[in-house]
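Asks: In our numbering, the protein residues as written are 10 to 85.
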Amino acid sequence: AYTTMTVTPRGLNPFQKCGSRMAEGKAAFVFVLLLFIALALLIVRCFRILLDPYRSMPSSNWTDHTEKDTFDYRIV
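(1) Thinking residue 58 and residue 65 are a contact (beta carbons under 8 Å), I'd like their distance in whole angstroms, please.
(2) In whole angstroms, what separates the C-alpha of residue 33 from that of residue 39?
(3) If you draw a straight line from the C-alpha of residue 49 to the C-alpha of residue 41, how long is it?
(4) What's the gap between the Cα of residue 56 and the Cα of residue 28?
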């Protein structure tokens with residue numbers, strides 16, 4: 010005896026509710042949308058760092074190191 014499986018527009022299982030599949034699709038869409046937003050923010054941040062790299066660096070790193078490490082440069 011052969012059994013035939015009918016394919017419905019909702020998928021292979023005719024007993025599966027359409028609402029759960031729609032909720033999964035919406036959740037996946039929201040997740041992918043959030044990933045694209047995070048990617049866009051990272052791209053903008055990287056371009057801002059590339060265009061002006063010294064803005065994100067604290068100004069304490071720009072000082073002359075001889076002020077901090079005078080002991081290293083002394084002649085004994």
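Ideal Cβ positions, reconstructed from N, Cα and C, are used throughout, including at glycine.
Replies: Quick look at the numbers:
(1) With a Cβ gap of about 6 Å, residue 58 and residue 65 count as contacting.
(2) Looking at the backbone, the Cα of residue 33 and that of residue 39 are separated by about 10 Å.
(3) 12 Å
(4) 42 Å
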